[in-house]
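A quick write-up on the structure given underneath.
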Amino acid sequence: DLKAPSRSDDNRRRLAWDMTMAGAYQTTGERADFGGGWINGWGDDRMKLLEGHRRMKEYFESLEWWKMEPRPEAISGGGRLLAEPGRQYVVYLPNGGAAEVTLEAGRYRAEVYNPRTGERRALGAVSGGAWKTPELTAGEDWAITLRR
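Here the sequence shown stands for residues 5 to 152, numbered as in my numbering.
Listed below in structure tokens is the structure:
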């Protein structure tokens, strides 16, 4: 799924999301993208690598992420799922499309998050049980947040 150059800001951002959704962590910054960058302070406005990481950090800081765990058994359709069952869920669709998620009983507020821009869009209320996400633009990555 990842296209050359493998060190592009888009590929690095997508890899960071994949690792985070698997319950792992990652580091970045061992190589600068332009002019030495953040390593020596000589970067310029072409530096894009860390913008996607900043957005991801801000997204997860809006959640109690430390209470969630990967739940691959509760999602189908090519997505990734982090969950604190019955309370909060993050669905990551690395290539858009839709997924089916098994939610604990209850009602949740749902929103779509665009990892490429940081934009959020409300989806409204969702009921527990088997829930199919909306169909999202193919080829682009998306996150869906569900909270009680």
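Backbone N, C-alpha and C define an ideal beta-carbon position, used for all residues, glycine too.
Candidates Glu104, Ser66, Lys71 and Ser131: which alpha carbon is nearest Tyr117's? Ser66
May I have a chain-ordered list of the beta strand (DSSP E) segments no shorter than 3 residues that lie completely inside the region 86-126? 92-97 and 104-117
By DSSP, does Glu73 sit in helix, in strand, or in coil? strand
Looking only at DSSP bridge pairs, what is Gly133 linked to? Leu107
Of the listed residues Glu144, Leu54, Ser131 and Leu107, nearest to Arg75 (C-alpha basis): Leu107
Determine the extent of the alpha helix (DSSP H) in which Thr24 is found, giving its start and end residues. Asp13 to Met25
Name, in chain order, the residues that DSSP records as bridge partners for Thr149. Val94 and Glu115
Beta-carbon spacing of Gln30, Glu68 below 8 Å: no
For Leu97, which of Asn15, Thr121, Arg152 and Thr141 has the nearest alpha-carbon? Thr141
Can you check whether the CB of Leu86 is closer than 8 Å to the CB of Ala114? no
Under the three-state DSSP convention, the category Leu140 falls into: strand
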